[in-house]
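Structure first, then comments.
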Amino acid sequence: MTDEQVQQLVEQLSLQYFNRPFIHKAYFNNRLKSTGGRYLLSSHDIELNKKLYDHFGIEELEGIILHELCHYHLHILGMGYQHRDADFKNLLKRVGAPRFCSRIEASTPIKKKSVIQYYCCKNCGQVYKRRRKMDVRRYCCSICQGEIKFINSEL
Numbered sequence: 012m013t014d015e016q017v018q019q020l021v022e023q024l025s026l027q028y029f030n031r032p033f034i035h036k037a038y039f040n041n042r043l044k045s046t047g048g049r050y051l052l053s054s055h056d057i058e059l060n061k062k063l064y065d066h067f068g069i070e071e072l073e074g075i076i077l078h079e080l081c082h083y084h085l086h087i088l089g090m091g092y093q094h095r096d097a098d099f100k101n102l103l104k105r106v107g108a109p110r111f112c113s114r115i116e117a118s119t120p121i122k123k124k125s126v127i128q129y130y131c132c133k134n135c136g137q138v139y140k141r142r143r144k145m146d147v148r149r150y151c152c153s154i155c156q157g158e159i160k161f162i163n164s165e166l
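Convert by adding 11 to the 1-based position in the sequence shown; the result is the number in my numbering.
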């Protein structure tokens with residue numbers, strides 16, 4: 012689906028469900044990761060997550076578009092457009108838009124626990140914990156300006 016087709020779909024759904032025209036831009040934003048779409052307050056544009064469309068199909072995309080159109084029309088009318096507002100919740104129910112989009116479980120990789128590096132000052136014994144290795148020749152102790160040595164790594 013191209014951005015032009017998305018624009019047509021948003022305009023069609025706006026007239027069908029809200030009886031009001033959508034006169035701004037709607038397009039895919041490939042950088043969206045954790046959200047299905049977003050309504051931009053400053054430009055009134057709607058950005059949509061292409062990955063969700065590719066994974067779940069047109070039904071999920073239409074639900075996301077309806078959700079964002081609720082934000083759009085309420086904001087244009089000067090009513091409560093935020094998720095916590097009663098106007099927004101009532102309009103979501105009226106048009107049958109989802110409150111949240113589906114999640115792609117495999118898209119978020121499980122982060123492994125990082126290794127902790129331990130360093131110690133040779134003079135005063137100050138211990139430093141770091142997640143990244145550091146070059147001990149470039150740094151000195153923050154307390155006595157003594158030489159720092161590597162102690163060990165720990166998971």
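Positions of the beta carbon are idealized from the N, C-alpha and C atoms, including for glycine.
With C-beta atoms as the reference, is residue i less than 8 Å away from residue j?
i: F39; j: E22; result: no
i: C131; j: I154; result: no
i: D112; j: N134; result: Note that residue 112 is Cys in the sequence shown, not Asp. Result no, Cβ atoms of C112 and N134 do not sit closer than 8 Å.
Looking at the structure shown, is residue i part of a helix, part of a strand, or coil, going by DSSP?
i: F39; result: strand
i: C81; result: helix
i: S118; result: Per-residue confidence for S118 stands at a pLDDT of 49, beneath the threshold of 50, marking its modelled position as unreliable; no derived number is given.
i: I154; result: coil
i: F161; result: strand
i: R31; result: coil
i: K61; result: helix
i: Q93; result: coil
Using the Cα positions of residue i and residue j, report the straight-line distance between them to the nearest angstrom.
i: Q19; j: G107; result: 20 Å
i: R148; j: L43; result: 42 Å
By alpha-carbon positions, which one of the options ends up nearest to residue i?
i: R105; options: S125, Y28 and Y139; result: Y28
List the whole-angstrom C-beta distance separating residue i from residue j, where the pair is believed to meet the contact cut-off of C-beta under 8 Å.
i: A37; j: L63; result: A37 to L63, Cβ: 14 Å. No contact.
i: F99; j: G91; result: 6 Å
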